[in-house]
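A.B. asks: Just so you know, the sequence shown maps onto residues 1 to 214 in the numbering used here. Take this structure first; my questions come after.
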Amino acid sequence: MKQTILICSAHPDDEILGCGGTIAKYSKEGNSVISIIFSYGESSHPHLKKYITTRIRVKESQKADKIVGCKETIFLGLPDGKISTKVKNKSTREKIKKLIKKYKPDKIFTHSIEDPFPDHRAIYKLIIDSANEINYKGNLYSFDIWSIIRIKKRNAPKLIVDISPTFKLKLKALKCFKSQGISMFQLIPAVYARAIINGINYNHKFVEVFNKIK
Ligand SMILES: [Zn+2]
């Protein structure tokens, strides 16, 4: 049966870095993938006016999400870099709860609790708490952006996705984030390294690995 999948990430590009290959795979299989991005990433360019950055990053993300086959990209406009200050807001939680109720996703993917970036951990907390509050029955998975080697939870249940057929689409989507310039360019080798190392561990060419939260 076809599934609906929600991808919940803090900033434009997190969704591709974290699970771009998986999104592409699921969408190729006919499933509906919805990407929810909680901030516009407007603080990424302090020298540009915020609204210009917002416009650029929204466009880049929409283009990238289209490449990997997202059906929709939804921006929630939380303040970049300060997401943790908004997580306890009732209206923020209501928004995400409404979206979960609307789409009734079979799977939700979000950031990892082990992520060093406070915005990412804030989204993790927001999603887990909101999902629990409405007694969400589907599966919840977390993705990593930065670390290759996991420190904790090594024995936690995992979802292994063979992204060999869609890895190229992930790279193509990453290249949409031109405003991230050199920093994105520098990430590409790490993206390769992670997919290859995971691939060796799980006997495929390229793999994305997720922790199963519930
Ligand atoms: Zn991020």
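Beta carbons: idealized from backbone N, C-alpha and C, even for Gly.
Do the CB positions of alanine 122 and serine 84 come within less than 8 Å of each other?
C.D. replies: In the sequence shown, counting from the first residue as 1, residue 122 sits at position 122. In the sequence shown, counting from the first residue as 1, residue 84 sits at position 84. For alanine 122 and serine 84, yes; Cβs fall inside 8 Å.
A.B. asks: Using C-beta distances below 8 Å, list every residue in its chain close to isoleucine 37, excluding the 5 sequence neighbours before and after it, in chain order.
C.D. replies: The count along the sequence shown starts at 1 and reaches residue 37 at position 37. So the list reads Ser9, Ala10, His11, Pro12, Asp14, Glu15, Ser61, Thr73, Ile74, Phe75, Leu76, once near-sequence residues are dropped.
A.B. asks: So does the region 97-108 actually touch the region 47-56, counting three or more Cβ pairs closer than 8 Å?
C.D. replies: Taking 8 Å as the limit for Cβ pairs, the verdict is that the region 47-56 does not touch the region 97-108.
A.B. asks: Which residues are close to ligand 1, meaning CB closer than 5 Å to any heavy atom, in chain order?
C.D. replies: Ala10, His11, Asp14
A.B. asks: Indicate whether glutamate 208 and threonine 22 have their beta-carbon atoms separated by less than 8 Å.
C.D. replies: Counted from its first residue, the sequence shown places residue 208 at position 208. Counted from its first residue, the sequence shown places residue 22 at position 22. Yes, they are a contact pair.
A.B. asks: Over the uninterrupted beta strand (DSSP E) stretch that includes serine 142, give me the two end residues.
C.D. replies: Translated into positions along the sequence shown, residue 142 becomes position 142. Segment 139-143, the beta strand (DSSP E) holding serine 142.
A.B. asks: Compute the Euclidean distance between the alpha carbons of glutamate 133 and arginine 57, then round it to the nearest angstrom.
C.D. replies: The sequence position of residue 133 within the sequence shown is 133, counting from 1. The sequence position of residue 57 within the sequence shown is 57, counting from 1. Rounded to whole angstroms, glutamate 133 to arginine 57 spans 31 Å at the Cα level.
A.B. asks: Tell me the DSSP secondary structure of valine 87 in three-state form.
C.D. replies: Here residue 87 corresponds to residue number 87 of the sequence shown, with the count starting at 1. Valine 87 falls in the coil class under three-state DSSP.
A.B. asks: Return the residue from the list Pro79, Tyr124, Ser35, His120 that minimises the CA-CA distance to tyrosine 103.
C.D. replies: As a first step, residue 103 must be located in the sequence shown, where it is residue number 103. Taking the Cα of tyrosine 103 as reference, the smallest distance to any Cα among Pro79, Tyr124, Ser35, His120 is reached at Ser35.
A.B. asks: Check each candidate in Pro116, His120, Gly20, Met1 and name the one with the smallest Cα separation from alanine 173.
C.D. replies: For the purposes of this step, residue 173 is taken as residue 173 along the sequence shown, with counting starting at 1. Cα-wise, what sits closest to alanine 173 is Gly20.
A.B. asks: What do you get for serine 112, buried or exposed, if any count of 16 or more other CB atoms within 10 angstroms of its CB means buried?
C.D. replies: Translated into positions along the sequence shown, residue 112 becomes position 112. It counts as buried.
A.B. asks: Taking C-beta to C-beta, are serine 39 and proline 79 nearer than 8 Å?
C.D. replies: Here the question's residue 39 lines up with position 39 in the sequence shown. Here the question's residue 79 lines up with position 79 in the sequence shown. Against a cut-off of 8 Å, the Cβ pair of proline 79 and serine 39 comes out as a contact.
A.B. asks: Once you ignore the five residues that flank lysine 205 on each side, which residues in its own chain have a CB closer than 6 Å to its CB?
C.D. replies: As a first step, residue 205 is located in the sequence shown; it is residue number 205 there, counting from the start. In the same chain as lysine 205, and ignoring 5 residues on each side of it, the C-beta atoms closer than 6 Å to its own belong to Ser164, Gly199, in chain order.
A.B. asks: I believe phenylalanine 210 touches lysine 158 by the beta-carbon criterion, under 8 Å. Please report the beta-carbon distance rounded to the nearest angstrom.
C.D. replies: Numbered from its first residue, the sequence shown carries residue 210 at position 210. Numbered from its first residue, the sequence shown carries residue 158 at position 158. With a Cβ gap of about 6 Å, phenylalanine 210 and lysine 158 count as contacting.
A.B. asks: Which of helix, strand or coil does DSSP assign to cysteine 176?
C.D. replies: The residue labelled residue 176 in the question sits at position 176 within the sequence shown. Cysteine 176: coil per DSSP, three-state reduction.
A.B. asks: Please classify serine 142 as buried or exposed, where buried requires at least 16 neighbouring CB atoms within 10 angstroms.
C.D. replies: Against the sequence shown, residue 142 aligns to sequence position 142. Counting Cβ neighbours within 10 Å, serine 142 comes out buried, since at least 16 surround it.
A.B. asks: Taking the alpha helix (DSSP H) that histidine 223 falls in, what are its first and last residues?
C.D. replies: Outside the modelled stretch of the chain, which goes from 1 to 214, sits residue 223, for which no answer is possible.
A.B. asks: Can you have a look at serine 27 and say buried or exposed, based on whether 16 or more other CB atoms are within 10 angstroms of its CB?
C.D. replies: Here residue 27 refers to the residue found at position 27 when the sequence shown is read from its first residue. Under the 10 Å beta carbon count, serine 27 is surrounded by 16 or more other beta carbons and is classified as buried.
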